[in-house]
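Q: Heads up, the sequence shown is in the working numbering, so the first residue is 1 and it goes up one at a time. Sharing a structure with you now.
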Amino acid sequence: SLYKEQSFDAKGFSFGFQRVLWGYFKKLVIADRIVVAVLEITKNPETYDGIFVLVGMVFYAIQLYADFTGGIDITIGIAQMLGIKVRENFIRPYFSKSIVEYWRRWHITMGTWFKDYIFYPISVCKPMLNLSKSSRKRLGDKLGKRVPVYLATMSVWFTTGIWHGSSWNFIVWGLLNGVVILVSQEFEPLYAKFHQRFHVSKTFGFRLFQVMRTFLLMSSLRILDCYRDVGLSFRMFGSMFTKLNVNKLFTGSLLKLGLNISDYILLLIGVIVLIAFSLVQRSGSVREKISVKPVVLRYAVYILLFFSIIIFGAYGIGFDSNQFIYNQF
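And the structure:
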């Protein structure tokens with residue numbers, strides 16, 4: 001609690017500082033470097049269509065995650081240094097196997113707020129209860145009882161879009177999320193029958209497919225955020241299917257996006273480290289695991305992380321100072 005008297009805790013201070021460093025690694029080494037290519041692609045749609053929309057879509061997903069979670073890591077880390085416990089806001093969302101699971105893991109505090117103050121109040125308000133009764137009479141119990149849920153869900157996602165911004169691209173983005181969630185829930189019984197019949201749900205290959213499917217689906221919806229124009233966003237999305245032309249990636253075009261070979265190597269290493277960290281994190285705290293290692297190894301990891309930020313962070317000449325994306329909302 002903010003108002004509770006705190007006492008100094010050396011372990012908490014150390015762990016908090018480590019998390020601050022990890023947050024700056026994600027922000028400066030990954031997010032602020034890859035944003036250069038994202039802006040080059042999205043600011044020049046007449047030049048970069050087809051395969052570059054897919055590249056920009058994936059790059060933006062990486063940027064957004066590294067920027068968002070980097071800022072949260074810094075915030076939680078500073079709080080931990082002061083002895084204050086702050087709730088986690090992101091729990092490896094890109095490992096989600098469905099869009100519903102994704103939104104349980106992404107921006108958790110926002111989702112909880114909308115559920116508690118938008119979804120539930122709308123679901124149980126008197127007009128909605130009356131609508132539920134009349135819908136059951138006209139449509140039957142099975143379909144009728146879903147009408148209030150549909151309306152409450154779409155209200156939440158309309159409000160979520162408005163929360164991100166009052167422009168149409170955010171509103172459409174929010175509503176599309178709502179539609180995808182409702183459609184996926186309607187098909188859930190069909191998915192269950194498919195899994196039961198073919199026994200594929202527990203195989204690694206199928207789980208990987210689910211993760212990649214969810215990642216690409218969520219990333220494609222964010223095209224509306226990238227281009228900030230509804231019509232242009234749909235045209236660029238369509239160009240991925242009509243003008244894909246993968247060969248463009250092998251003509252040196254990637255080096256025209258503002259990043260050189262060294263930048264791409266650093267990004268690749270950074271993303272691999274990020275994925276490896278997330279995989280290890282599934283079985284417990286990474287900091288706890290490091291803390292029980294020999295002292296030489298522990299401090300080697302800390303020093304490597306610190307100097308990685310200092311040496312490879314995207315700042316100084318040639319890079320613009322970028323605020324955290326959170327500041328836009």
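All C-beta atoms, glycine included, are put in the ideal place defined by N, C-alpha and C. Computed from a prediction, not measured in an experiment: that's the story for all the values here.
Between which residues of its own chain and SER155 is the CB-CB distance below 8 Å, once the five residues before and five after are set aside?
A: ILE118, PHE119, ILE122.
Q: Roughly how many whole angstroms lie between the Cα atoms of ILE91 and THR75?
A: Approximately 15 Å, taken between the alpha carbons.
Q: What does the alpha-carbon distance come out to for the pair LEU157 and ILE34?
A: It is worth fixing the name first, because residue 157 is Trp in this sequence and not Leu. The alpha-carbon atoms of TRP157 and ILE34 are separated by roughly 29 Å.
Q: Applying the criterion that 16 or more other CB atoms from any shown protein chain within 10 Å of the CB defines a buried residue, is ILE272 buried or exposed?
A: With fewer than 16 other Cβ atoms within 10 Å, it is exposed.
Q: Would you call the CB atoms of ILE51 and ASN245 closer than 7 Å?
A: A contact, by the Cβ cut-off of 7 Å.
Q: So, helix, strand or coil for LEU244, using DSSP?
A: LEU244: coil per DSSP, three-state reduction.
Q: Between THR242, ILE30, LEU217, VAL183, which lies nearest to SER262 when the distance is taken from Cα to Cα?
A: Closest by alpha carbon: ILE30.
Q: My output table needs one value for GLU46: the three-state DSSP class, helix, strand or coil.
A: The answer is coil: DSSP assigns GLU46 none of H, G, I, E or B.
Q: Okay, do the region 17-26 and the region 294-309 touch, 3+ Cβ pairs below 8 Å being the bar?
A: Yes, they touch.
Q: Do PHE15 and ARG287 have their beta-carbon atoms positioned less than 7 Å apart in this structure?
A: Yes, Cβ-Cβ distance for ARG287 and PHE15 is below 7 Å.
Q: Using the rule of at least 16 other Cβ atoms within 10 Å of the residue's Cβ for burial, across every protein chain shown, is ASP67 buried or exposed?
A: Buried, because 16 or more other Cβ atoms sit within 10 Å of the Cβ of ASP67.
Q: Label TYR299 either buried or exposed according to how many other C-beta atoms from any shown protein chain fall within 10 Å of its C-beta, with 16 as the threshold for buried.
A: Burial call: exposed.
Q: SER239 to MET81, Cα distance in whole Å?
A: Rounded to whole angstroms, SER239 to MET81 spans 48 Å at the Cα level.
Q: Nearest CA to the CA of ILE72: which residue from THR109, GLY56, ALA61, TYR191?
A: Per the Cα distances, THR109.
Q: First and last residue of the alpha helix (DSSP H) that includes GLU186?
A: First-last of the alpha helix (DSSP H) with GLU186: 168-186.
Q: What first and last residue would you give for the alpha helix (DSSP H) that runs through PRO148?
A: PRO148 -> alpha helix (DSSP H) spans 146-164.
Q: Out of ARG228, VAL301, LEU143, ARG282, point me to the one whose CA is closest to PRO45's CA.
A: Comparing Cα positions, the closest option is ARG228.
Q: Counting C-beta neighbours from all protein chains within 10 Å, is the total for GLY174 16 or more, i.e. buried, or is it exposed?
A: GLY174 should be labelled buried.
Q: Please state the DSSP three-state secondary structure of TYR315.
A: In this structure, TYR315 counts as coil in the three-state DSSP scheme.
Q: Can you list, in chain order, the stretches of the alpha helix (DSSP H) that have 4 or more residues and sit fully within the region 77-130?
A: Correct list: 99-105, 108-114, 120-124.
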